[in-house]
Structure formats: C-alpha cells, structure tokens
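I have placed the structure first, in the form of structure tokens, so that the comments after it can refer back to it.
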Amino acid sequence: MSQPLLVTGAGGQLGRRVVDLLLAQGAGPLIVTTRHPEKLGELRDRGVEVRRVDFDAPAALAEAFAGAARLLLISTDALDRPGRRLAQHRSAIEAAVKAGVEHVVYTSLTNPGPGSPIAIASDHQGTEDALAESGLGATVLRNNLYTDLLLGSLQRALATGQLVAAAGDGKTGYVTREDCARAAAAALAADFNGKRVLDITGPATVSQGDIARIASELTGKPIVYVPIPREALEQGMRQAGLPAAMATLFASFDEGIARGTLDVATSAVEELTGEPAEDVQRFLARHVAALRAPVAA
Numbered sequence: 063m064s065q066p067l068l069v070t071g072a073g074g075q076l077g078r079r080v081v082d083l084l085l086a087q088g089a090g091p092l093i094v095t096t097r098h099p100e101k102l103g104e105l106r107d108r109g110v111e112v113r114r115v116d117f118d119a120p121a122a123l124a125e126a127f128a129g130a131a132r133l134l135l136i137s138t139d140a141l142d143r144p145g146r147r148l149a150q151h152r153s154a155i156e157a158a159v160k161a162g163v164e165h166v167v168y169t170s171l172t173n174p175g176p177g178s179p180i181a182i183a184s185d186h187q188g189t190e191d192a193l194a195e196s197g198l199g200a201t202v203l204r205n206n207l208y209t210d211l212l213l214g215s216l217q218r219a220l221a222t223g224q225l226v227a228a229a230g231d232g233k234t235g236y237v238t239r240e241d242c243a244r245a246a247a248a249a250l251a252a253d254f255n256g257k258r259v260l261d262i263t264g265p266a267t268v269s270q271g272d273i274a275r276i277a278s279e280l281t282g283k284p285i286v287y288v289p290i291p292r293e294a295l296e297q298g299m300r301q302a303g304l305p306a307a308m309a310t311l312f313a314s315f316d317e318g319i320a321r322g323t324l325d326v327a328t329s330a331v332e333e334l335t336g337e338p339a340e341d342v343q344r345f346l347a348r349h350v351a352a353l354r355a356p357v358a359a
C-alpha cells in the first residue's frame with residue numbers, strides 16, 4: 063500500500079485542487095483536514111478520510127494528523143492579527159512530529175527572508191525556520207504570485223484604460239494556482255525524503271507594463287501602465303473601502319515587485335510534474351472572456 067498522504071486546508075481552492083489531482087493519480091490513501099468537514103461530504107464519498115481540525119487548538123492537532131506519512135501544510139488564512147498564522151504553523155509542525163509524520167510539504171512565498179517588504183513574509187520565513195529545526199523531511203514550495211489574481215486588476219484596467227500599480231519597473235514570476243496545485247500534489251506524492259526549497263513560478267518574469275501590453279493585444283483595447291507611489295496606492299484602496307490592514311498588505315506586494323523580491327523564474331514546476339508551467343500570455347488568452355466581463359459597481 064502507498065504511504066498515507068494528508069492535505070490540510072482541503073476546503074480551500076488550492077487544497078481542494080491538490081486533492082482532486084491526487085485522486086486522479088490514484089495516490090494515497092488520502093486524509094484531508096478542514097475546519098468544516100460537513101462541506102466535504104463528496105470527498106468522503108470518494109474514499110477520502112475527512113477530519114476536522116482547528117489550528118488554534120494545538121492539543122488536538124497530533125490526533126488529526128495521526129496515520130499520515132507525508133503532509134501538505136497549506137499556509138492558513140489567519141491574517142486577522144500579527145503572529146497568529148505563524149503560531150498555527152508552528153503548532154502544526156510540532157503536531158506532525160508527535161504524530162510520526164515523516165515529510166512535510168509547505169506552501170511558502172518567494173524570497174521570504176528579512177529583506178522582504180511583503181507584510182506576510184515573516185510568517186513564511188518563521189515557518190521555514192521551524193521546519194528546518196523540526197528534524198522532519200521537508201519540501202518548501204515558495205509560490206510566487208498567482209497569475210489568476212491578474213484577472214480582477216485587468217478587468218478594472220480595461221474599464222479605465224489604465225493599469226495602476228505601485229510596482230515600478232519590477233518583474234514578477236507569476237504562476238497559476240493550477241500549477242501550484244500540480245507542484246504540491248507531485249511533491250506530496252514523491253519519494254523524496256530529504257530537505258529542499260523550490261521556487262514555484264511561471265516560466266518567465268513579466269513587468270506590469272508587459273501585462274498591460276499583453277492584455278491590450280488580446281482584447282484590442284488600449285491599456286497603459288500607470289506607476290504610482292505605494293502611499294498613493296494604499297490611500298486609494300482605503301478610500302475604496304478596503305480595511306487599512308488589507309490595503310497595507312496588498313500594497314506591500316507591489317513594493318516587493320518594485321524591489322525585485324518576486325523577480326524569480328525557474329523550471330521547478332516542470333521538474334516536479336513533467337509539464338511546464340503556463341505563462342502569463344497563455345493564461346490570459348484562455349480567460350479573455352473573463353477579462354471582458356463587466357466590473358462590479
């Protein structure tokens with residue numbers, strides 16, 4: 063029998079896609095954890111063991127992870143207060159050790175070290191440090207920004223003719239959520255038992271100016287990139303009703319782009335999965351209809 067594999071965050075978009083890919087490959091047996099097991103009845107019907115987990119209740123985590131040989135730790139969405147997410151991740155790693163897990167795959171962030179201006183980078187670096195100190199085998203997947211997120215900003219850009227960002231001339235190794243899921247599924251099901259850090263990116267880096275040009279060519283509508291200061295971007299988001307903390311977070315990603323923090327492109331997706339990652343142009347070409355969709359008021 064194959065090694066039991068466990069996927070956390072199976073109710074989220076990335077986690078659910080990883081589970082579907084593993085099922086299609088016949089990997090497993092599979093265990094998934096979620097805050098809301100009642101929402102994953104369909105997976106249970108397909109032979110997946112569904113367990114409830116609360117990352118804020120460390121005492122129960124080891125039991126939730128029991129029986130798994132390899133575990134995919136998808137970074138949580140606990141961004142409501144500083145330090146909460148890192149505490150959750152540390153608890154999960156400690157529980158994995160107690161449960162006898164042999165290898166953890168973790169979804170991190172490109173260049174999360176102390177020099178990163180991205181607000182959540184320290185959570186990821188702290189988690190990577192905890193993994194390194196745990197004694198567990200570990201595969202760290204440093205995911206770049208999702209290409210999928212461009213659809214919303216480009217819808218607005220098509221409506222106004224301007225792609226506004228505080229990213230300067232910086233470039234980003236955008237990677238699709240699908241490619242991140244493929245990479246995670248492959249890493250979890252692999253026989254690798256050591257320690258490695260992989261940058262999960264698209265095949266090339268692109269600037270915001272490149273993105274504006276690509277979208278304009280695909281839609282036939284003029285779009286120009288308008289770089290603005292980070293402070294102006296934050297202020298605009300707050301005026302649009304975004305909570306201050308989220309405006310700061312989103313603006314920090316633009317600053318990261320401007321500083322070159324996300325200017326990384328590798329072939330890791332292809333090396334893990336056997337198929338290359340999708341580039342920005344091809345992704346946007348497949349989603350032209352979504353780009354042209356009306357922007358919600």
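Quick note: the sequence shown uses my numbering, first residue 63, plus one each step. By construction, the Cβ of each residue, glycine as well, lies at the ideal position given by its N, Cα and C atoms.
Please name the residue or residues paired with residue 112 in a DSSP beta bridge. As a first step, residue 112 must be located in the sequence shown, where it is residue number 50. Partner(s): 94.
Cutoff 6 Å; reference residue 95; Cβ partners in own chain excluding five residues on either side: By one-based count along the sequence shown, residue 95 stands at place 33. Excluding sequence neighbours, residue 95 sits near 70, 113, 115 and 126.
How far does the beta strand (DSSP E) with residue 260 in it reach, from first residue to last? Residue mapping note: residue 260 aligns to position 198 of the sequence shown, counting from 1. Run containing residue 260: 257-262, per the beta strand (DSSP E) assignment.
With a cut-off of 8 Å on the beta carbons, I'd call residue 179 and residue 323 a contact; round off their distance for me. Residue 179 sits at position 117 when you count from the first residue of the sequence shown. Residue 323 sits at position 261 when you count from the first residue of the sequence shown. That belief holds up - the Cβ atoms of residue 179 and residue 323 are roughly 7 Å apart, short of 8 Å.
For residue 254, which residues of its own chain have a beta-carbon under 7 Å away from its beta-carbon, when the five flanking residues on both sides are left out? Numbered from 1 along the sequence shown, position 192 holds the residue referred to as residue 254. If we look at residue 254 and ignore the five residues flanking it on each side, its Cβ neighbours are 201.
Pairwise C-alpha distance: residue 66 and residue 73: Taking the first residue of the sequence shown as 1, we reach residue 73 at position 11. Taking the first residue of the sequence shown as 1, we reach residue 66 at position 4. Residue 73 and residue 66: Cα-Cα distance of roughly 19 Å.
Kindly indicate the opening and closing residues of the alpha helix (DSSP H) around residue 178. Counting from 1 along the sequence shown, the entry for residue 178 is found at position 116. Where residue 178 is concerned, there is no enclosing alpha helix (DSSP H), given that its DSSP letter is neither H nor E.
Exposed unless 16 or more other CB atoms sit within 10 angstroms - verdict on residue 101: Counted from its first residue, the sequence shown places residue 101 at position 39. Residue 101 is exposed by the Cβ-count criterion.
If you follow the alpha helix (DSSP H) that residue 207 is in, where does it begin and where does it stop? Working through the sequence shown from its first residue, we reach residue 207 at position 145. Segment: none, residue 207 is in no alpha helix (DSSP H) and carries neither H nor E.
Is the separation between the beta-carbon of residue 138 and that of residue 147 shorter than 8 Å? Against the sequence shown, residue 138 aligns to sequence position 76. Against the sequence shown, residue 147 aligns to sequence position 85. Yes. Within cutoff.
Buried versus exposed call for residue 211 [16 or more other C-beta atoms within 10 Å across all chains shown]: By 1-based counting over the sequence shown, the position of residue 211 is 149. Counting every other CB atom within 10 Å of its CB across the protein chains shown gives residue 211 a total below 16, marking it as exposed.
Beta strand (DSSP E) segment containing residue 227, residue limits: For the purposes of this step, residue 227 is taken as residue 165 along the sequence shown, with counting starting at 1. Where residue 227 is concerned, the enclosing beta strand (DSSP E) stretches over 224-227.
Buried or exposed, going by whether 16 or more other CB atoms sit within 10 Å of the CB of residue 233? Locating residue 233 in the sequence shown gives position 171, where the first residue counts as 1. It counts as buried.
Assigned secondary structure, residue 342 (DSSP; H/G/I helix, E/B strand, else coil): If you number the sequence shown from 1, residue 342 lands on position 280. Residue 342: helix per DSSP, three-state reduction.
Start and end of the alpha helix (DSSP H) containing residue 184? Taking the sequence shown and counting its residues from 1, the one referred to as residue 184 is at position 122. Start and end: 183-196.
Taking all protein chains shown into account, do 16 or more other C-beta atoms lie within 10 angstroms of the C-beta of residue 350, making it buried, or fewer, making it exposed? Reading the sequence shown from its first residue, position 288 is the one you call residue 350. By the neighbour-count rule (16 or more Cβ atoms within 10 Å), residue 350 is not buried but exposed.
Between 308, 333, 274 and 247, which lies nearest to residue 90 when the distance is taken from Cα to Cα? Residue mapping note: residue 90 aligns to position 28 of the sequence shown, counting from 1. Cα-wise, what sits closest to residue 90 is 247.
Delimiting residues of the beta strand (DSSP E) encompassing residue 170: Your numbering for residue 170 matches position 108 in the sequence shown. Where residue 170 is concerned, the enclosing beta strand (DSSP E) stretches over 165-171.
Integer-rounded CB distance, given that residue 277 should sit under 8 Å from residue 219: Against the sequence shown, residue 219 aligns to sequence position 157. Against the sequence shown, residue 277 aligns to sequence position 215. Their Cβ separation, rounded to whole angstroms, is 7 Å, which keeps residue 219 and residue 277 in contact under 8 Å.
Leaving out five residues on either side along the sequence, give the residues of the same chain with a beta carbon under 8 Å from the beta carbon of residue 165. Working through the sequence shown from its first residue, we reach residue 165 at position 103. Sequence-distant partners of residue 165 (beyond 5 residues in either direction) whose C-beta falls short of 8 Å from its own C-beta, in its chain, are 131, 132, 133, 198, 199, 200, 201, 254 and 255.
Per DSSP, what kind of secondary structure is residue 281 in: helix, strand or coil? Numbered from its first residue, the sequence shown carries residue 281 at position 219. In this structure, residue 281 counts as helix in the three-state DSSP scheme.
Any chance the region 281-299 sits against the region 235-246, with 3 or more Cβ pairs inside 8 Å? Taking a cut-off of 8 Å for Cβ pairs, the region 281-299 and the region 235-246 do not touch, as fewer than three such pairs fall below it.
Contact set for residue 155: own chain, Cβ-Cβ below 8 Å, skip 5 residues either direction: In the sequence shown, counting from the first residue as 1, residue 155 sits at position 93. Excluding residues within five positions, the ones whose Cβ falls inside 8 Å are 135, 166, 189, 192, 193, 196 and 198.
Determine the contact status of residue 330 and residue 250, defining contact as a CB-CB distance below 8 Å. By one-based count along the sequence shown, residue 330 stands at place 268. By one-based count along the sequence shown, residue 250 stands at place 188. No; because the gap between Cβ atoms is not below 8 Å, this pair is not in contact.
Mind checking whether residue 289 and residue 221 have CB atoms under 8 Å apart? Translated into positions along the sequence shown, residue 289 becomes position 227. Translated into positions along the sequence shown, residue 221 becomes position 159. No, the Cβ-Cβ distance between residue 289 and residue 221 is not below 8 Å.
Once DSSP output is grouped into helix, strand and coil, what is the label at residue 201? By one-based count along the sequence shown, residue 201 stands at place 139. Residue state, collapsed to three classes: strand.
Taking the alpha-carbon positions, what's the residue 231 to residue 296 distance? Locating residue 231 in the sequence shown gives position 169, where the first residue counts as 1. Locating residue 296 in the sequence shown gives position 234, where the first residue counts as 1. A straight line joining the alpha-carbon of residue 231 with that of residue 296 spans about 18 Å.
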